[in-house]
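Undergrad: Starting off with a structure, shown below.
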Amino acid sequence: MRITGMATGMDTDTMIKDMLKPQQLKIDSMKQQQQIVLWQQEIYRDIIKDVHGLMGKYFDVLNKDTYLLSSESLNSSKVKCSNEILNISANSEAKEGTYKVKVSQLATNASFKGEKVDGEKVNMLTEIDEDKTFEFKINSGKDTVTVEATKGMTLGQLSKKISEESKGEIKLEYSEITESFELSTSKTGKNSTLEVSGDVEYFNKTLNMDVSTTNIGSNAKCNIILPNGQSGDINSETNKFSKDGINFDLNGINTDLNGKVSSEDGDFTITITKDNGKAMETVKSFIEDYNKLIDKVNKLNTEKRNYSYKPLTDDEKKDMKEEEIKKWEEQAKKGILKGDSYLKNMMSELRMDMFGDKDTLFSIGIETSDNVREGGKLVLDEDKFKKALNEDSEKTFNTFKIGMEKVDTTFKKYASTRILGDTGNRGLLLEKAGIEGSVTDKNNILTKSILDKEDMIKEQVKKMNEMENRYYLQFAQLEKAMNSLNSQMNWFTQQMGS
């Protein structure tokens, strides 16, 4: 606590505060500049978040319903099946009409199924009594897997080792329901074979499983009648296959009441119709979300700055209410990214992505707004888009996909959290402003600028404190001199009075 001005009668605190005003103004100015950079970083990160939202919704393969880089995004085919045994989907290449499908055989793997093992005996089969070697020939004898089992190994450990040595192509399992073991391949089809040699007696006696022969898998077989009456037989190594734009997933066969393969009366039917609704809704949804981003960035990039509103100083905030501060800062933030090269270049590249080539999105009804002030917002001509889908759905999708792949690449260029190629850098906006939850949070251009300004502010505060201490010291010396003078004057007055 300083007690000043007793001898001089001067308001020392006020005088020193006035003397330090130029220095305080310099510090306030630095803090205001720092605050603007903090706001810029905040806005950048908000944009990055929006871009990530678009990338996650439309360019992430896990979001199948809205993923734009798959033929399914503009799938104009609707499928109806007469039986759930057929799990069918179709893309835009599938022809309309009713198909008949007769499944006579499913694809199976090669397997040895053991007979029932007594429950108490299973409990006793916890350890192998001596070292054993098993050899498994699979894939039509092309591959041989050798498994060495050591004494004391449990059945569970043996099962795990068989799976590991075969890289998951062979598995040994026990069912508590059937109380039996099964040795099988993971692959299906006629080329899936399984042959066991070595200590096969272990399987024969201990697991009650006869492995003396070569077991062979089977192919899926079905007959498909097209809408035009033509038919063809399918012979597939798996139960999943694609033909003529139709994806088949067979889960059962056509049987009659006696469990035998049925006659033509038991054929499954598939009805495929064209439906542009899904494609239309997907594209409209993307355009709506994309335009929100464009509108936001365009406003930030063109909004004029009102220099009358500067970041508030600590002293100014003391005399204001919270709501007043909020409204003031809303005005102060306007225009601080006007003409920003990062945002301007991103918008320019996105426009080039969609409309820079010869065969662009214009040809399928996706255009830019006539209002130049809207900065490249998209407009969908629904009639033109529907016509393009109906006339040549494959070409329409390819045109759309090319544009979307370029958009995805540009989004990654500016907002990727991963290192891009051989550059050693992440997205440009992240390199500029960083984002929480990433290594760029503290390692970015704006944070470096903020910290540099913080160091400068600390240096100026230190300088001002030194000046303040020097001024108080000088005034203290003045007080001391005035006290000495007053003492002399008092002595002189006393002497004159005597």
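Convert by adding 605 to the 1-based position in the sequence shown; the result is the number in the numbering used here.
Don't be surprised by glycine CBs; every beta carbon is placed ideally from N, CA and C.
1. For P627, count neighbouring C-beta atoms within 10 Å of its own C-beta (all shown protein chains included) and say buried if the count is 16 or more, exposed if not.
2. One question on the structure: do L1034 and I653 come within less than 8 Å of each other, judged by their Cβ atoms?
3. For G1029, does the count of other Cβ atoms within 10 angstroms reach 16, so buried, or fall short, so exposed?
4. For N903 versus G940, is the C-beta spacing smaller than 8 Å?
5. For Q710, does the three-state DSSP call read helix, strand or coil?
6. Is it buried or exposed, D958, if we count other Cβ atoms within 10 angstroms and call 16 or more buried?
7. Classify R1023: buried if its beta carbon has 16 or more other beta carbons within 10 angstroms, exposed otherwise.
8. Can you tell me whether K622 is buried or exposed? The criterion is at least 16 other CB atoms within 10 Å of its CB, across all chains shown.
9. Which same chain residues end up closer than 6 Å to G864 when comparing Cβ atoms and leaving out the 5 residues on each side of it in sequence?
10. If you check the beta carbons only, do N824 and K792 fall under 8 Å apart?
11. Around the C-beta of I858, are 16 or more other C-beta atoms found within 10 angstroms, so that it is buried, or is it exposed?
12. DSSP on G882, reduced to helix/strand/coil?
13. Give a yes or no on whether the C-beta atoms belonging to L994 and L679 are separated by under 8 Å.
14. Roughly how many angstroms separate the alpha carbons of V656 and M951, rounded to a whole number?
15. Give, in chain order, every unbroken run of the alpha helix (DSSP H) that is at least 4 residues long and sits entirely within the region 973-1012.
16. Taking the alpha carbon of N744 as the point to measure from, which residue in G882, I821 and T874 has its own alpha carbon closest?
17. Excluding sequence positions up to five away, which residues of its chain have a Cβ less than 6 Å from the Cβ of S768?
18. Thinking C-alpha only, which one of F739, M635, V984 and T1014 is nearest D804?
19. Taking DSSP as the reference, what is the three-state secondary structure of K848?
20. Quick one: give me the first and last residue of the beta strand (DSSP E) that A825 is part of.
21. Could you check the C-alpha separation between T1098 and A1086 for me, to the nearest Å?
22. Can you list, in chain order, the residues of its chain whose CB lies under 6 Å from that of A754, leaving out five sequence neighbours each side?
23. What would DSSP say about L812, mapped onto helix, strand or coil?
24. Residues bridged to K718 by DSSP?
25. Using the beta-carbon count (16 or more within 10 Å), is N844 buried or exposed?
26. Give me the Cα-Cα distance between S771 and K901, rounded to the nearest whole angstrom.
27. What's the C-alpha gap between K705 and D854?
28. If you follow the beta strand (DSSP E) that F739 is part of, which residue opens it and which one closes it?
29. Which residue comes first and which comes last in the alpha helix (DSSP H) that contains A1038?
30. Taking contact to mean 3 or more Cβ pairs, one atom from each stretch, closer than 8 Å, check whether the region 633-645 and the region 995-1006 are in contact.
31. Label A1038 either buried or exposed according to how many other C-beta atoms from any shown protein chain fall within 10 Å of its C-beta, with 16 as the threshold for buried.
32. Going by other Cβ atoms of all chains shown within 10 Å of its Cβ, with 16 needed for buried, is I720 buried or exposed?
33. For L812, collect the residues of the same chain with a Cβ closer than 6 Å to its Cβ; drop the 5 residues on either side in sequence, then sort them by chain order.
34. By the DSSP assignment, the alpha helix (DSSP H) with G658 in it spans what residues?
35. Are K683 and D880 close, meaning C-beta to C-beta below 8 Å?
36. What's the call for G981, buried or exposed, on a 16-neighbour Cβ count within 10 Å?
TA: Short version:
1. When all chains shown are included, P627 counts as exposed.
2. Their beta carbons are under 8 Å apart, which means L1034 touches I653 by this criterion.
3. With fewer than 16 other CB atoms across the displayed protein chains lying within 10 angstroms of its CB, G1029 is exposed.
4. Against a cut-off of 8 Å, the Cβ pair of G940 and N903 comes out as no contact.
5. In the three-state DSSP reduction, Q710 falls in the strand class (E or B).
6. Buried, by the Cβ-count rule.
7. By the 10 Å Cβ count, R1023 comes out exposed.
8. The C-beta of K622 has fewer than 16 other C-beta atoms within 10 Å across all chains shown, which makes the residue exposed.
9. Its pLDDT being 48, under 50, G864 is placed unreliably by the model, and nothing is read from it.
10. Not closer than 8 Å, so no.
11. Classification of I858: buried, given that the 10 Å Cβ count is 16 or more.
12. Helix at G882.
13. Their beta carbons are under 8 Å apart, which means L994 touches L679 by this criterion.
14. Approximately 11 Å between the Cα atoms of the pair.
15. Runs of the alpha helix (DSSP H) inside the region 973-1012: 987-996.
16. The shortest Cα separation from N744 among G882, I821 and T874 belongs to I821.
17. Cβ within range, chain order: K776.
18. Closest in alpha carbon position to D804, among F739, M635, V984 and T1014, is F739.
19. Residue state, collapsed to three classes: strand.
20. First-last of the beta strand (DSSP E) with A825: A825 to I830.
21. C-alpha separation (whole angstroms): 18 Å.
22. So the qualifying residues of the chain are I733, K737 and L763.
23. Coil, per DSSP.
24. K718 pairs with E787.
25. Buried: at least 16 other Cβ atoms inside 10 Å.
26. Each residue's alpha carbon lies about 56 Å from the other.
27. Approximately 15 Å between the Cα atoms of the pair.
28. F739 -> beta strand (DSSP E) spans K737 to I743.
29. Where A1038 is concerned, the enclosing alpha helix (DSSP H) starts and stops at L1033 to A1038.
30. Touching, no, given that fewer than three Cβ pairs across the two stretches are closer than 8 Å.
31. Result: buried.
32. For clarity, residue 720 is Glu in the given sequence; the question names Ile instead. Exposed: under 16 other Cβ atoms inside 10 Å.
33. Counting only Cβ-Cβ distances below 6 Å, and skipping sequence neighbours, we find G719 and F786.
34. Residues K626 to Y663.
35. In contact: K683 and D880 (Cβ atoms closer than 8 Å).
36. Residue environment: G981 is assigned as buried (16 or more neighbouring CB atoms within 10 Å of its CB, all protein chains considered).
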